[in-house]
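Shown next, in structure tokens, is the structure this report addresses.
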Amino acid sequence: MSLNSFDKKYLKDNISFLAGVDEAGRGPLAGPVVAAAVIFPKNISIAGVNDSKQIPQKKRELLFDIIKEKALSVGIGIIDCREIEEINILNAALKAMKIAVANLNPQPELILIDGNKVFDSEIPAQCIVKGDAKSFTIAAASIIAKVTRDRIMQTAAQKYPNFKWEKNKGYGTKQHREAIIKFGYTPLHRQTFLRKLKSEFQLKPFKKYQ
Numbered sequence: 312m313s314l315n316s317f318d319k320k321y322l323k324d325n326i327s328f329l330a331g332v333d334e335a336g337r338g339p340l341a342g343p344v345v346a347a348a349v350i351f352p353k354n355i356s357i358a359g360v361n362d363s364k365q366i367p368q369k370k371r372e373l374l375f376d377i378i379k380e381k382a383l384s385v386g387i388g389i390i391d392c393r394e395i396e397e398i399n400i401l402n403a404a405l406k407a408m409k410i411a412v413a414n415l416n417p418q419p420e421l422i423l424i425d426g427n428k429v430f431d432s433e434i435p436a437q438c439i440v441k442g443d444a445k446s447f448t449i450a451a452a453s454i455i456a457k458v459t460r461d462r463i464m465q466t467a468a469q470k471y472p473n474f475k476w477e478k479n480k481g482y483g484t485k486q487h488r489e490a491i492i493k494f495g496y497t498p499l500h501r502q503t504f505l506r507k508l509k510s511e512f513q514l515k516p517f518k519k520y521q
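Going by the working numbering, the letters in the sequence shown line up with residues 312 to 521, in that order.
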């Protein structure tokens, strides 16, 4: 079944505005979690739209612009690392999704959410496990969320070049972990995600090295 065909099952007489929702950034050691929500006009098709993790970066960037151009509405929700620490990453991801949907205009009549958790919503919502590989609107949302977050990390990398966020986007690569051990942690690092490193090494707050 094509991604478009999957979504058509949900477009009924009483549902014209279907939103796909996905997030990016649950796993990294640094940076925000970003969610996106997308509504398309009926019968829209964009070649190449798929789970963002399966698409090369340059193609994601191109699809990002096409999706923004062809969508009826795109909403973004961003929760920073400080709030992630306060409410935990699952609640932060769900909150980012809720904000993304709230930023849509028009509001959807049905929400398809990637994963197995639903945020509190007055609008009917349905979880789709591995939805970014099944639903066209969720896949589009995954691309918007991923590119948006990547750009945030690329900008942050200019302030903290030691950690190579322009390459690893805050994920716990060997290079990133070694940089944390050597230079310390920044205000953009998720402290709860560094517990293992903290237990093994005496990590200190980052000081800018010239």
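Don't be surprised by glycine CBs; every beta carbon is placed ideally from N, CA and C.
This one's a predicted model, so the numbers in the text were calculated from it and none came from an experiment.
Point to revise | Those residues which DSSP pairs with His500 across a bridge | key: Numbered from 1 along the sequence shown, position 189 holds the residue referred to as residue 500. The partner list for His500 (beta bridge, DSSP) reads Ala341.
Check your understanding: Exposed or buried, which one is Ser446 when buried takes at least 16 other CB atoms within 10 Å?
Key -> The sequence position of residue 446 within the sequence shown is 135, counting from 1. With 16 or more other Cβ atoms within 10 Å, it is buried.
Check your understanding: If we ignore side chains and look at the alpha-carbon of each, how far apart do Ile434 and Phe328 end up?
Key -> Looking up residue 434 in the sequence shown gives position 123. Looking up residue 328 in the sequence shown gives position 17. If you take the alpha carbons of Ile434 and Phe328, they lie about 11 angstroms apart.
Practice item. Would you mind giving the Cβ-Cβ distance between Val344 and Ile378, rounded to the nearest angstrom? I have them listed as a contact below 8 angstroms. Key: In the sequence shown, residue 344 corresponds to position 33, counting from 1. In the sequence shown, residue 378 corresponds to position 67, counting from 1. Not quite, the Cβ-Cβ distance comes to about 20 angstroms (not below 8 angstroms), so this is no contact.
Exercise for review: Tell me whether Pro419 sits in a helix, a strand or coil according to DSSP, three-state version.
Suggested key: Position 108 of the sequence shown, counting from 1, holds the residue named residue 419. In this structure, Pro419 counts as coil in the three-state DSSP scheme.
Check your understanding: Is it right to say Ser453 is buried, meaning 16 or more other beta carbons lie within 10 angstroms of its own, or is it exposed?
Key -> Reading the sequence shown from its first residue, position 142 is the one you call residue 453. Ser453 should be labelled buried.
Review point. Can Pro339 and Tyr482 be called in contact, C-beta distance under 8 angstroms?
Key: Residue 339 sits at position 28 when you count from the first residue of the sequence shown. Residue 482 sits at position 171 when you count from the first residue of the sequence shown. Result yes, Cβ atoms of Pro339 and Tyr482 sit closer than 8 angstroms.
Review point. Using 8 angstroms as the threshold, is the segment 359 to 367 in touch with the segment 382 to 395, meaning 3 or more CB pairs across them?
Key: no
**Study point:** Proximal residues to Pro352 (C-beta, below 7 angstroms), its chain only, five neighbours per side dropped
**Key:** Counting from one through the sequence shown, the residue named residue 352 turns up at place 41. The answer, listed in chain order, is Leu383.
Check your understanding: Which residues in the same chain as Glu396 place their Cβ atom closer than 8 angstroms to its Cβ, once the five residues preceding and following it in sequence are excluded?
Key -> Within the sequence shown, residue 396 is the residue found at index 85, counting from 1. Excluding the 5 residues flanking it on each side, Glu396 has same chain C-beta neighbours closer than 8 angstroms at Arg501, Gln502 and Thr503, in chain order.
Practice item. Please confirm whether Leu499 and Leu505 have their CB atoms less than 8 angstroms apart. Key: Here residue 499 refers to the residue found at position 188 when the sequence shown is read from its first residue. Here residue 505 refers to the residue found at position 194 when the sequence shown is read from its first residue. No, Cβ-Cβ distance for Leu499 and Leu505 is not below 8 angstroms.
Review point. From this set, Ile326, Trp476 and Ala407, which residue's C-alpha is nearest Pro417's C-alpha?
Key: For the purposes of this step, residue 417 is taken as residue 106 along the sequence shown, with counting starting at 1. Nearest option by C-alpha distance: Ile326.
Review point. What three-state label does DSSP hand Val429 in the structure shown?
Key: The residue labelled residue 429 in the question sits at position 118 within the sequence shown. Val429 falls in the coil class under three-state DSSP.
Review point. With 16 as the cutoff for other CB atoms within 10 Å, does Pro516 come out buried or exposed?
Key: Within the sequence shown, residue 516 is the residue found at index 205, counting from 1. By the C-beta density criterion, Pro516 is exposed, having fewer than 16 other C-beta atoms within 10 angstroms.
Review point. Whose C-alpha, out of Ala330, Ala341, Asp318 and Asn361, is nearest the C-alpha of Thr484?
Key: Sequence index remark: in the sequence shown, residue 484 carries index 173 (1-based). It is Ala341 whose Cα lies nearest to the Cα of Thr484.
Check your understanding: Cα separation between Asp318 and Ile400?
Key -> Position 7 of the sequence shown holds residue 318. Position 89 of the sequence shown holds residue 400. The straight-line gap separating the alpha-carbon atoms of Asp318 and Ile400 is approximately 28 angstroms.
Practice item. Report back the beta-carbon spacing between Lys406 and Ser432 to the nearest angstrom; my notes put them in contact at under 8 angstroms. Key: Taking the sequence shown and counting its residues from 1, the one referred to as residue 406 is at position 95. Taking the sequence shown and counting its residues from 1, the one referred to as residue 432 is at position 121. That pair is no contact at about 12 angstroms.
Check your understanding: Taking Cβ positions, are Arg371 and Val458 nearer each other than 8 angstroms?
Key -> Numbered from its first residue, the sequence shown carries residue 371 at position 60. Numbered from its first residue, the sequence shown carries residue 458 at position 147. Cβ distance < 8 angstroms, so Arg371 and Val458 count as in contact.
Exercise for review: If I'm right that Ala450 touches Leu314 with Cβ under 8 angstroms, what's the distance once you round it to whole angstroms?
Suggested key: The residue labelled residue 450 in the question sits at position 139 within the sequence shown. The residue labelled residue 314 in the question sits at position 3 within the sequence shown. That belief holds up - the Cβ atoms of Ala450 and Leu314 are roughly 6 angstroms apart, short of 8 angstroms.
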